[in-house]
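For the sequence shown, our numbering begins at 1 and goes up steadily by one.
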Amino acid sequence: MYSKYFLPVIMAWAGAIGASAAILTGSVADSTGEPLPEASIRLLSARDSSYVTGMAADDSGRFMFSGVKKGGYILQASYIGYGSVYRNLRVTSAADTVKVGRMQLSESSVVLREATAIGVATPIKVMDDTIQYSASTYKTPPNAVVEDLLKRLPGVEVGTDGGITAQGQKVTKILVDGKEFFSDDPAVASKNLPVNMVENAQVITRKSDLARLTGVDDGEDETVINLTVKKGMKNGWFGTGEAGYGTDDRYKAAFVVNRFFNDNQFTLLGNFNNCNDAGFSDGNGSRFRRFGGTNGINTTNSIGFNFNVGRGDTIKVGGNVMYANSDRDNRSRTHRINLLQGSSNSTEDAESNSRDKGHNVRGDFRVIWKPDSFNTLEVRPNFSVNINDSEQRSYSQNFSGDDFISQARNINFSDGKSYDFGARVIYSHRFSKRRGRSFSVSANYLMSNTRENERNWSRNAFWMLDSLYEDYQIIDNHTWNNTVSGRLSWTEPIGNPRNGNFAEISYFMQYKWNNADKNVTHDPVSMDEIPYQDWKEAIWQDWEMSNRLSGLGDLQYDPYNSNSFRNNYLSQSIRVGYRKVHAKYNLNAGLSLNPSMSRSVNLTNPDKNIPTRNVLNYAPYLRFRYKFSKNTTANADYFGRSSQPSMSQLQPVVDTSDPMNIVVGNPGLAPSFNHRLRLRFQTFDPDCQQSIMVMGHASYTQDDIVSNVVYDRETGARQTRYANIDGNWEAALMNMFSRPLRNKAFTINNFLRLSYRNQVGYVDGLHNRSGNFSLSESFGIAFRPKDLELELRPRYTLSNITNAIQSGQNRTTHSYGGSLNATYYTPFGLVLATDLNYSANTGYSDGYDSDQWMWNASISYMFLRNKNATVALKGYDLLQQRKSIWRTETAQAITDSQYNTLTRYFMLTFTYKFTTFGGGGENNPSVDTDFMRRGPRGGGPGGHGGRRF
């Protein structure tokens, strides 16, 4: 009831604080004029050099202090790898606006005291929204890539598909010296760039591209990793070529060529292997990958080019283009427990074999033009083309308790093509005559067209019904979508802008035209001629679909499975808010209104048209940052967001391509609305190099879209429909700690995560709740004397699953293990490296618990001038115990899966690296150039576990 008084009181209070103080503005850049984002700005007392206040420069290198009292000051600007710059200032009046101008920093061999202690680089440094890891304190083997470094960083995890998470958040981009590298595919940088070019790896939580450019917060934060390049490697050529061959005909060839000069970056790379080393993420090709995912054994080939051009702020051009193809062989077995009401268990055992081949070409480009300090124009076009061919053979059995009720065999062939094109334009303007006033407008267009053809054969035996069902289908799926969106925003200072009070208003609109046509023809009765004796044995037998086609009669149109569907969706967001900028804190608060409209048309059966539906959601939003000191901060964020159902969830058509798993769309679905809360506290002590971070987040979804599964107890078949439901929420709390011990040769770190996920859904029309409590602990200690690196990291995860409908299926699982990494560098160029990983889990279904040792080892010899050439013999999974087992839980079922993996093999490799810096044509012996390794990746299904070489 007091909310209507809150905003005026806060504004009046904040205005009173700043009314008797001055404002101080400026910017930070390097010697070429390039801005230095996140540069450290400190305001010191001129009397005794004591700390007054401080902040980090924004992404354009600008900074602004408000609330500065009269007196004399020293302004210090610093940046890692650069010498500090100082300015003497005096504020003589509360009405002063002190314009410092540009503070230019030069590269220096002197490292700031905050970043070193007793000559040892700080392993982890926490500052504002950035966690900085010093690459030199996490030693990697010869020829390592960035991924090898990321796997050693506390709180950072790398998945089997190259996906990266940091402190529980998905990493969307990797930047190189603040510049994008292959856009939204961080796997390209992590799997290809040499780790020895990296000075620091910075995990940054920042606002979206749109919010940073327009200045209006949209709540769409992203987590990125910025790789700062060593100062000696920013001008010149460097790269690596590698080739290797091993047992079981394993091979790999790769190259990376980099050209950096005058703040320009050019990178050409290629990767060709059959060792599960994709060198990129799946991207848009995944839209066809229903069978294999990222599991199995993969052969991949890729080549790409990335560039960033432009010196200074006036105009910058960048982009990338990549071609890739893949061939994935995936075999799996699964055990599924259906969570039904009653005491009897309903289970399914299944096996499958799939082959998935794909080609992808994609490109993303950007032009940023800043004709002056008040205007910015950004244009970003992008495209992708995908071609895919897949086939799958599967076999399954269903049981009710111990009773055998059905068998199913399915063979599917699929080929598809898709193409996407999009473009975004953003213009922002800051008014010169009214400081703090700004205006921005953006427009976005996206077109997507996908066509997929399937041939599907199924045979199902239902023993309780004493019946046999067979069907052959030809399915033509065609979906095409167009999306247009735009945003207008205005920021207006309240009173004198030096007081740091601003009003913000923005309007966002998005309109989607979604179209889906599905045409099915079939022969449900003529499939008796396929010769086989035992279904399970016959799954793996090869036979040509063309032989079956010759025995088919006239295919019949299947109106039950065919449909032509259209959906129009309009989403809007109106935000009104208040922003306060102060030396100690930043506040952004307001209210968001989110009306949406959805209209669906069924061209096949107009009687089933869904009339226009209008939904209005509203929620406050809050972003608060408080700076206790330069090295201690606290953040709190809350935002709400609506999302639309997918076309597959909306389209009112029955998918019977797998008669044991029938899916039916629901055109009456409403949009969902998600509430998100994030809290974060972090502190860094530069004297003892200790870092502590505590972070929590929670989310709750209204009208969440869930599956409503109806199970047929006589056949074992499942029919899945979609529905809206409230009650899905999750919460997590994380802690990260790092500190070197007294002698600096030892470093300890710890990462702890607690989480709870509440999932609700329907089973046989009954409401079910599934809860999952998880505790994860990872402790690391590293010993790094001269020429030797030892690292021990034990880990443990507990997961407790509870179900409301069938409490007898409540499960507690334990996953535990650890890793020991060791590398020894001899004086004459021989490097011995090994890692031993142990992992085990208990509490899974019978036959799915695991207990395995993963042992990898290598011996490398570096020779030629500056150790530019390396010959290595590497062995992977020496004990041949590699397994790939995963568990997934929903409100409807618990599923354990095991996939085929790449097991023991040996490979002999030759690597050559070259470096030319500083305009000379010779290799620079003063630069550490021991970088770039290519090798098998993974660590999850289908990948190769353990540490990489």
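For each residue, glycine too, the CB sits at the ideal point set by N, CA and C.
Annotation: phenylalanine 261 to lysine 234 spans about 6 Å, alpha carbon to alpha carbon. Between the beta-carbon of tyrosine 711 and that of arginine 718 there is about 6 Å, and that keeps the pair under the 8 Å contact cut. In terms of CA proximity to threonine 376, Ser428 leads the group Leu339, Asp415, Val361, Ser428. Residue nearest to phenylalanine 863 within the set Val361, Arg90, Thr911, Ile574 is Thr911 (criterion: CA-CA distance). Cβ atoms of methionine 127 and asparagine 735 stay farther apart than 8 Å, at about 18 Å. In this structure lysine 125 is buried. Its beta-carbon is surrounded by 16 or more other beta-carbon atoms within 10 angstroms. In the three-state DSSP reduction, arginine 435 falls in the coil class, being neither helix nor strand. Rounded to whole angstroms, the gap between the alpha carbons of tyrosine 578 and serine 592 is 12 Å. Where lysine 191 is concerned, the enclosing alpha helix (DSSP H) starts and stops at 186 to 192. Ranked by Cα distance from glycine 363, the first of Val158, Ala408, Phe181, Arg459 is Phe181. When Cβ pairs closer than 8 Å are counted between the two stretches, the stretch 52 to 66 is seen not to touch the stretch 84 to 91, the count staying below three.
DSSP places valine 760 within a strand segment (E or B) once states are collapsed to three.
One alpha carbon belongs to asparagine 444, the other to glycine 33, and they sit about 31 Å apart. Aspartate 896 sits close to arginine 887, with the two beta carbons spaced by under 8 Å. In this structure the stretch 799 to 816 does not lie against the stretch 828 to 836, because fewer than three pairs of beta carbons, one per stretch, are closer than 8 Å.
Taking one beta carbon from each stretch, the stretch 619 to 634 and the stretch 663 to 671 have fewer than 3 pairs nearer than 8 Å; the two do not touch.
Membership of methionine 854 in the beta strand (DSSP E) is indicated by the continuous run 850 to 863. DSSP places methionine 647 within a helical segment (H, G or I) once states are collapsed to three.
A residue is called buried when at least 16 other Cβ atoms come within 10 angstroms of its Cβ; lysine 170 does not meet this threshold and is exposed. Per DSSP, reduced to three states, the secondary structure at asparagine 276 is coil, with no helix or strand assignment. Classified as buried, glutamate 147 has 16 or more neighbouring CB atoms from the shown chains inside 10 Å of its CB. When only Cα atoms are considered, serine 571 and asparagine 481 end up about 15 Å apart. Inter-residue distance for phenylalanine 906 and serine 414 is about 35 Å (C-alpha atoms, whole angstroms).
Per the coordinates, the alpha-carbon of histidine 522 lies some 23 Å from the alpha-carbon of serine 354.
Around the CB of glutamate 714, fewer than 16 other CB atoms lie within 10 Å, so the residue is classed as exposed.
Annotation: glycine 239 to threonine 299 spans about 24 Å, alpha carbon to alpha carbon. Fewer than three pairs of CB atoms, one per stretch, sit closer than 8 Å, so the stretch 365 to 379 makes no contact with the stretch 395 to 412. If you check the CB distance, leucine 269 and glycine 304 come in under 8 Å.
Taking a contact to require three or more Cβ pairs closer than 8 Å, the stretch 557 to 577 and the stretch 592 to 610 qualify as touching. DSSP places methionine 464 in the coil class of the three-state scheme, outside both helix and strand.
Using a 10 angstroms sphere on the CB of cysteine 275, the tally of other CB atoms reaches 16 or more, which defines it as buried. Looking at the DSSP output, glycine 304 shares a beta bridge with Leu269, Met322. Secondary structure at glutamate 147: helix, using DSSP grouped into helix, strand and coil. By the Cβ rule, the stretch 454 to 463 does not count as touching the stretch 418 to 427, because fewer than three pairs are nearer than 8 Å. Going by DSSP, alanine 891 is part of no beta strand (DSSP E) at all; its letter is neither H nor E.
Between the C-alpha atoms of methionine 597 and asparagine 724 there is a straight-line separation of about 16 Å.
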